Ligand SMILES: Nc1ncnc2c1ncn2[C@@H]1O[C@H](COP(=O)(O)OP(=O)(O)OP(=O)(O)O)[C@@H](O)[C@H]1O
Ligand SMILES: [Mg+2]
């Protein structure tokens, strides 16, 4: 399998502090990776750095996507290359309706809007993006947007967090559809990096590998279920 994403010795600063302190991570085509780690360890910073948010400053190292060095590329160029992200706390976008963003981000936008009912989002199409949305509504809205964008590499920052027990199944199924939509003859194409604290989302995605981040480093990798079990039993070790 070819490498879809390759991160080498990545150092990232935000707000004048070094947050990522030399991250190495490779995700192959069709691979689903889950990322664990204590609060404040740098997980969201890693995702934001892969997506190219301007609040993150890469001071050392490289991010390569499908053989192209994207370390210096702006976020829109990365989106065009096929990277998409569900943020932990996306901003309110005043003045832009959810339906208009969906239409703008896909040739297939009208069809995706027809699908909104499956996401329980049919009454949100004419609302400003995220403005007044509840926590769970934001998650469903982000997934609907990703469904329109159809990225090849999908970054999910705690997709199940704050979602009630009834809606977790909906979120899980939609995440599964996004990640496995182009699976043919058992061969997957879409790759993903998914942050989770509880591991609940792993009931819906067949994760291939797991990583633990602590203090801006990847400190452990292995089988996702084994890592989750170890965290449940032993925690993350020393206090941050
Ligand atoms: N713009 C910024 N300015 C200052 N500090 C920042 C900035 N962005 C992130 N940080 C700090 O970097 C650290 C890592 O943050 P990050 O959001 O990546 O953690 P996380 O692993 O996603 O945690 P959580 O599990 O709580 O979501 C935190 O201490 C955070 O306060
Ligand atoms: Mg986070």
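Residue numbers (my numbering): 8 to 247. Ideal Cβ placement from N, Cα and C applies to all residues, glycine included. Owing to the predicted nature of the structure, the values given are computational and were not obtained by experimental measurement.
| Pick out every residue whose C-beta is nearer than 7 Å to a heavy atom of ligand 2: which are they, in chain order? | Residues close to ligand 2 by the beta carbon criterion (under 7 Å to any non-hydrogen atom) are, from first to last along the chain, 50, 51, 95, 164, 165, 202.
| Inter-residue Cα distance where the pair is residue 306 and residue 74 | Nothing in the structure corresponds to residue 306, since the chain is present only between 8 and 247.
| field | residue 47: CB within 7 Å of a non-hydrogen atom of ligand 3 | value | Absence of ligand 3 from the depicted structure is noted, with ligand 1 and ligand 2 being the only ligands included.
| query | How about residue 120: is its Cβ closer than 7 Å to a heavy atom in ligand 1? | reply | Not so, every heavy atom of ligand 1 lies at least 7 Å from the Cβ.
| query | Short check: CB of residue 52 to CB of residue 21, under 8 Å? | reply | Yes; because the gap between Cβ atoms is below 8 Å, this pair is in contact.
| request: May I ask you to verify whether the region 180-187 touches the region 197-205, counting CB pairs closer than 8 Å and requiring at least 3? | output: The region 180-187, when compared against the region 197-205, does touch it at the 8 Å Cβ threshold.
| field | residue 9, buried or exposed, once every other Cβ within 10 Å from all chains shown has been counted against 16 | value | Exposed, since its Cβ has fewer than 16 Cβ neighbours within 10 Å.
| field | Three-state secondary structure (DSSP) of residue 86 | value | It is helical.
| task | Identify the continuous beta strand (DSSP E) that holds residue 67 and give its terminal residues. | result | Run containing residue 67: 64-72, per the beta strand (DSSP E) assignment.
| task | Name, in chain order, the residues that DSSP records as bridge partners for residue 33. | result | Residue pairing by DSSP places residue 33 opposite 13 in a beta bridge.
| message | Rounding to the nearest angstrom, what Cα-Cα distance links residue 37 and residue 201 in this structure? | response | Distance between the alpha carbons of residue 37 and residue 201: 13 Å.
| task | Determine the burial state of residue 154: buried for a count of at least 16 other Cβ atoms within 10 Å of its Cβ, exposed for fewer. | result | In this structure residue 154 is buried. Its beta-carbon is surrounded by 16 or more other beta-carbon atoms within 10 angstroms.
| Taking 7 Å as the line, does the beta carbon of residue 40 fall inside it for any heavy atom of ligand 1? | Relative to the non-hydrogen atoms of ligand 1, the Cβ of residue 40 never comes closer than 7 Å to any of them.
| request: Round the Cβ separation of residue 100 and residue 72 to the nearest angstrom and send it over; I've been treating them as touching at under 8 Å. | output: At roughly 25 Å, the Cβ-Cβ gap does not stay under 8 Å, so residue 100 and residue 72 are not in contact.
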